[in-house]
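Using the working numbering, you'd call the opening residue of the first sequence number 6 and step up by one each time. For reference, the structure discussed in these notes is given below.
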Amino acid sequence: MPIPSRAFATRLITWHAAHGRHDLPWQNTRDPYPIWVSEIMLQQTQVGTVIPYYERFMARFANIRNLADADESDVLAHWAGLGYYARARNLHRAARRVRDLHGGVFPADRAAIEALPGIGRSTAAAIAAFAFGQRQAILDGNVKRVLARCFGIEGFPGERAVENELWALAEALLPDAKVVPVYIQAQMDLGATVCMRAKPRCAACPLADLCIARRENRVASLPTPRPAKPVPRRETAMLILMAGRDVLLERRPSSGIWGGLWSFPEIAAHDDAVAVANIRLGVRGSSGREMAPLEHGFTHFHLTIHPRLVEVRAKSRRAAEPGQLWMPIEDALDAAIPKPVKTLLQRLSETHA
DNA sequence: CATACGTGGCT
DNA sequence: TAGCCAAGTAT
């Protein structure tokens, strides 16, 4: 397949000058730290979601040493609500590794960057390019979509063979090192603002006349979607114990969902757990919409966490054990607590006010 | 190689 | 609305 590499990069860069995003909070710097933090936050997370978290995080952890010297719980508290908490734990671990093994200086070597926890091939390439001006190709969701459409690449990009093909294409299209940072930014901007998954704005695309998907009317079917499988669902039960305005919280294991965060203790869903339950609150869906009114008495919650199901039930008061603590609801709302649990705490604080 | 990992936007 | 997807990585 002939690759119009020069035209490809030049068009993207020219388009970017007029239509790209130039003033995101982590741009216009070559300091690897803000670039690194933003790249981690942006993994599987859209720009608009990241910005407020990024601002708060950088205000609290202004540099690598601040981050390395902080407690993990403090880092997680600033990540709470953003999701994929392994990112925060890995970011913190990596900061300590930079402090202890690299003298506090973020490494410039691509292999050394990629060796840090939480940094894979694409994130390492982005940091190497943005912070150190290296000639590195990235392959995130935006680039995969742009390349799959422009060059008519068939197959689900999650498949090894397809991903390898896309990586090879990304490498082959790479312009001179001097313009690589703006080029990869242009790729991502085009994917995010023009070549979107649904309803792409092909009329505004600088690659429209090259685009195979557009020429063959396959824009809607490229990139090939993930093979359909049943949405995974999980069910569990949680114990809500309250003493006045204090709630019992438990620090979760570092592995698994909500790792390292605080939540109500998980319990086996035995019948005796609901013997004294007579407050009902229903929350369904990721947005935490309430389904049933909150009544008085004790606690009985049904909480659906999309795409998983969590059933929360109350039992009786008991003393806190190691790894648990009684925390005022007001403080709990600010602590490192997953969104759905925080939603319940919010409802509790309103009900018991 | 397939799956787990969060939350929010979109259709 | 239920399902799919998003600036991916770790296991």
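Note that CB positions come from ideal geometry on N, CA and C, so glycine has one too. Here the structure is a predicted model, which means the values were calculated and not measured.
* State the start and end residues of the unbroken alpha helix (DSSP H) segment that holds arginine 256. => Not the alpha helix (DSSP H): arginine 256 falls in the beta strand (DSSP E), residues 251 to 256.
| request: Report yes if the C-beta distance between aspartate 251 and proline 122 is below 8 Å; otherwise report no. | output: no
Report the CB separation of alanine 93 from valine 80 in whole angstroms; it is logged as a contact under 8 Å. 5 Å
State the beta-bridge partners of glutamine 329 as determined by DSSP.
Glu255
| said: Does the stretch 138 to 150 come into contact with the stretch 37 to 46, if we say contact requires no fewer than three beta-carbon pairs (one atom in each stretch) closer than 8 Å? | reply: no
Exercise. Please classify threonine 15: does DSSP put it in a helix, a strand, or coil?
Key: helix
Worksheet item: From serine 127 to glutamate 255, what distance separates their C-alpha atoms?
Response: 35 Å
*So what's tryptophan 41 in DSSP terms, helix, strand or just coil?*
helix
Cβ-Cβ distance between methionine 247 and phenylalanine 269 below 8 Å = no
What does tryptophan 267 pair with, by DSSP beta-bridge criteria?
Arg256
Would you tell me roughly how many angstroms separate the C-alpha atoms of proline 112 and isoleucine 118, rounded to the nearest one? 6 Å
Pair within 8 Å by beta-carbon distance, arginine 219 and cysteine 207: yes
| said: I want to check one thing, is the minimum distance from the CB of leucine 178 to the heavy atoms of the ligand GTP below 7 Å? | reply: Inclusion of the ligand GTP in the displayed structure is not the case, the ligand content being empty and no account of it being possible.
query: Is the Cβ-Cβ distance between tyrosine 58 and leucine 17 less than 8 Å?
result: no
* Asked: Out of Arg202, Leu171, Glu164 and Gly108, which has the shortest C-alpha to C-alpha gap to alanine 73?
  -> Gly108
message = Under DSSP, the alpha helix (DSSP H) around tryptophan 172 begins and ends at which residues?
response = 165 to 177
Quick one: what's isoleucine 272 bridged to in DSSP?
Ala242
Express the C-alpha separation of proline 211 and histidine 223 in angstroms, rounding to a whole number.
What sits at residue 223 in the sequence shown is arginine, not histidine. Spanning the two alpha carbons is a distance of roughly 18 Å.
Measure the beta-carbon distance from valine 148 to alanine 177 and round it to whole angstroms, keeping in mind my assumption that it falls under 8 Å.
Going by Cβ atoms, the distance from valine 148 to alanine 177 rounds to 13 Å, so no, they are not a contact pair.
Which residues DSSP lists as bridging alanine 248, in chain order: Asp251
| task | Give the DSSP-derived three-state secondary structure of alanine 99 in the structure shown. | result | helix
State the Cα-Cα distance for the pair alanine 209 and alanine 197, rounded to the nearest angstrom. 13 Å
inquiry  = Using a Cβ-Cβ cutoff of less than 7 Å, which residues in the same chain neighbour glutamine 190 once the five nearest sequence positions on both sides are dropped?
reply    = His21 and Gly25
*Reference arginine 115, options Arg150, Ala133, Leu179 and Pro180, closest by Cα*: Ala133
- Task: State the CB to CB distance for the pair arginine 70 and arginine 104, rounded to an integer number of angstroms; the pair is presumed to be in contact (CB under 8 Å).
- Result: 6 Å
| message | Tell me which residues share the same chain as alanine 182 and place their Cβ nearer than 8 Å to its Cβ, disregarding the 5 neighbours each side in the sequence. | response | Gly138, Gln139 and Arg140
Distance check for serine 260 and phenylalanine 135, CA to CA, integer angstroms please. 31 Å
Practice prompt. Run the CB neighbour count on methionine 193, radius 10 Å, all protein chains shown included, and call it buried at 16 or more, exposed below.
Written response: buried
- request: Check whether the Cβ atoms of glutamate 77 and glycine 265 lie closer than 8 Å to each other.
  value: yes
Of the residues Asn169, Leu353 and Arg101, which one's Cα is nearest the Cα of alanine 337? Leu353
Classification of methionine 63 by the beta-carbon crowding that lies within 10 angstroms, buried from 16 upward | buried
**Request:** Would you mind stating whether proline 230 and phenylalanine 161 have Cβ atoms separated by less than 8 Å?
**Result:** yes
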